[in-house]
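The structure appears below as structure tokens.
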Amino acid sequence: MNWGHHLRDQGEKALQHHSSLLKSADSTSGFSQKLRRRLYTTVTERTLAHEASTWSESLTQRLGNKSSIQRPFLLNITGAYRTTSTAALQVIAGLMPLHLKIKLESEYVRSTRLRQIIVVG
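First residue of the sequence shown: 12, per the working numbering; consecutive thereafter.
Here it is, written out as structure tokens:
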């Protein structure tokens with residue numbers, strides 16, 4: 012298994028977690044947008060960024076702006092139409108693109124937990 016498959020599997024797992032959490036909401040009231048956003052940042056992003064310091068260096072360069080993993084969550088958080096661009100959904104939801112978030116998490120872990128020197132530039 013390579014890192015692309017790993018990220019895809021983690022994305023599927025995160026989508027299952029997210030949908031099961033949303034199913035637990037009351038069918039009449041549901042979760043507010045603020046709570047759906049918090050669920051995404053605490054559960055989904057943590058699942059996707061698991062061990063990011065190990066694999067992010069090679070994958071984030073190839074991943075680039077491909078945010079197909081993040082898109083279903085953004086649609087759920089914002090409640091926008093499916094034709095809305097992913098960049099617009101990220102702005103409306105107030106969330107960073109996934110590849111940048113993973114890169115940020117990776118650099119944070121490397122600098123704090125692994126005590127590695129980060130070269131910027």
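Quick reminder that beta carbons are idealized off the backbone N, C-alpha and C, glycines included. Keep in mind the model is a prediction, meaning the values are calculated, not measured.
Asked                                                                                                     : Found
Neighbourhood of Ile103 by C-beta, 6 Å cutoff - its chain only, sequence neighbours within 5 removed      : Thr89
Sub-8 Å separation of Leu50 and His29 beta-carbons                                                        : yes
Whether Arg93 touches Leu86 by CB criterion (8 Å)                                                         : yes
C-beta contact flag for Gln21 and His61 at 8 Å                                                            : yes
Classification of His110 by the beta-carbon crowding that lies within 10 angstroms, buried from 16 upward : buried
CA-to-CA distance, Ser43 to Ser31, given in whole angstroms                                               : 16 Å
Alpha carbon of Arg126 to alpha carbon of Gly41, nearest angstrom                                         : 43 Å
Residue of Thr52, Arg82, Lys114, Ser117 minimising C-alpha distance to Thr95                              : Arg82
Assigned secondary structure, Thr94 (DSSP; H/G/I helix, E/B strand, else coil)                            : coil
Inter-residue CB distance, Thr53 and Ser78 (contact presumed, cutoff 8 Å)                                 : The pair is not a contact, with the Cβ atoms about 19 Å apart (cut-off 8 Å).
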